[in-house]
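All remarks here apply to the structure that follows.
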Amino acid sequence: MKISGATKVYGIFGHPVSHSFSPAMHNAAFEALGLDCVYVAFDVQPKDLEASAGALRTMSVAGINVTVPHKESVIPFLDTVSQEAELVGAVNTVKNDGGVLKGYNTDVGGFLRALKEDIGCEPGGMRVALLGAGGAARAVLTALCMNGAREINVINRTVAKAQGLADEFQNSFEQIVINAHGLANADSVESCLAGADLLVNCTSAGMKGVESLALPLEALGSETLVYDLVYNPLETELVAAARRRGNLAETGLSMLLYQGAESFEIWTGARAPVEVMKQALSF
Ligand code: ATR
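In this text, residue positions in the sequence shown follow this note's numbering: the first is 105, and each later residue adds one.
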């Protein structure tokens with residue numbers, strides 16, 4: 105990579121951030137398209153977020169991704185926020201448009217594209233069982249609601265969080281049936297799974313070092329599609345078990361890829377070289 109006096113700087117704000125796959129993915133993409141751009145990781149502490157967001161303007165940083173723990177708290181420091189990001193309540197991509205900081209959430213589009221490309225899923229008209237009620241669940245719920253899902257059952261360990269999320273989205277999307285359930289209620293979990301066209305895991309359960317959820321997968325129909333946002337390990341216990349039953353199932357590395365591709369396109373206006381970016385994630 106050649107750095108010149110005119111090299112545009114992109115990056116990611118997170119804390120911690122050194123584990124991020126995004127620098128490898130975006131630098132590979134810049135190189136493949138011959139763009140004079142570089143992408144670096146900025147470890148930004150929560151107390152420094154406002155000053156760091158301001159520095160994007162003063163130092164003409166062209167764009168950033170935003171990750172844990174800043175996705176929600178960055179919003180007050182931006183000039184505009186997209187409809188998706190507003191609904192999710194979180195921004196993962198900022199474009200510096202001549203000093204105007206524009207916020208987006210590409211997890212929404214990244215999830216939809218991953219569903220389509222990996223398991224041939226278009227959520228319009230579908231009944232969905234959604235596990236989790238944290239930040240990732242909000243992005244998935246936004247994607248499903250904005251794309252015409254028919255019924256969504258939010259299932260969470262802490263049922264009050266599922267209820268809060270369901271109520272909030274029900275207010276904005278009256279035509280969709282959105283209900284909340286506790287993970288500990290075996291009967292309702294079983295009936296949610298039995299009636300689902302799509303099962304999505306948005307909890308961190310099943311991540312390397314975190315126990316998987318004990319789910320009654322035998323209740324799933326043979327056509328039910330399964331998507332697990334967890335991507336480490338590359339085949340989670342949930343996906344392995346679903347595949348053993350013959351269900352089409354995929355883990356979440358492709359969502360990481362496609363959210364990155366959408367960020368890249370927002371920043372550069374060029375079509376993201378998805379194959380190159382995929383290779384940089386080495387899967
Ligand atoms: P993220 O931004 O990845 O969504 P988060 O906002 O911290 O992270 O949300 C984590 C989600 O995973 C929550 O739904 C959490 O359930 P609670 O709301 O009950 O905490 C869920 N989760 C994490 N570990 C879990 C486990 N071991 N069993 C069940 N649910 C778990």
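Beta carbons are placed, not taken as given, at the ideal position from N, Cα and C, and that holds for glycine. Remember, it's a predicted structure, so these values are computed and weren't measured experimentally.
Beyond the five residues adjoining it in sequence on each side, Glu294 comes within less than 7 Å, by CB distance, of Pro320 and Ala323 in the same chain, given in chain order.
The alpha carbon of Gly109 has as its nearest neighbour, out of Ser122, Phe146 and Val142, the alpha carbon of Val142. Looking from the CA of Val178, the closest CA among Leu245, Tyr331 and Ser156 belongs to Ser156. For the stretch 273 to 304, the full-length alpha helix (DSSP H) segments reaching 4 residues or more read 290 to 298 along the chain. Rounded to whole angstroms, the separation of the alpha carbons of Lys382 and Ile116 is 18 Å. Between the alpha carbons of Lys112 and Ala166 lies a distance of about 6 Å.
Between Leu234 and Val263 a beta carbon distance of about 14 Å is seen, past the 8 Å cut, so the two are scored as non-contacting. If you check the C-beta of Arg261 against ligand 1, you find a heavy atom less than 6 Å away.
In this structure, Gly268 has its beta carbon at no less than 6 Å from each heavy atom of ligand 1. Sequence-distant partners of Phe215 (beyond 5 residues in either direction) whose C-beta falls short of 7 Å from its own C-beta, in its chain, are Ala243, Val244, Ala247 and Met359. Using a Cβ-Cβ distance cut-off of 8 Å, the stretch 324 to 341 and the stretch 270 to 283 are not in contact, since fewer than three pairs of beta carbons, one from each stretch, lie closer than that value.
With respect to the 7 Å criterion, Val380 and Ala136 are classified as neighbours on the basis of their beta carbons. Going by C-alpha positions, Ala237 is about 30 Å away from Ala384.
Separation of the CB atoms of Phe273 and Cys249 is rounded to 6 Å, and the pair is thereby assigned contact status at 8 Å. Across the set His123, Leu287 and Asp201, the C-alpha of Asp201 shows the shortest separation from the C-alpha of Met163. The criterion of a C-beta distance shorter than 7 Å is satisfied by Val232 and Leu302. Residues Val195, Gly207, Tyr208 and Asn209 of the same chain have their beta carbon placed closer than 6 Å to that of Ala189, with the five preceding and five following residues left out of the count. Taking the Cβ of Ala155 as the reference point, every heavy atom of ligand 1 lies at 6 Å or farther away. Inside the stretch 234 to 274, DSSP marks whole alpha helix (DSSP H) runs of 4 or more residues at positions 239 to 250, from first to last along the chain. According to DSSP, Phe125 shares a beta bridge with no other residue. Residues of the same chain with their beta carbon placed closer than 8 Å to that of Gly313 are lacking, with the five preceding and five following residues left out of the count.
The beta-bridge partner set that DSSP reports for Gly115 consists of Val144 and Ile168.
Secondary-structure assignment with DSSP links Val198 through a beta bridge to Ile168 and Gly207.
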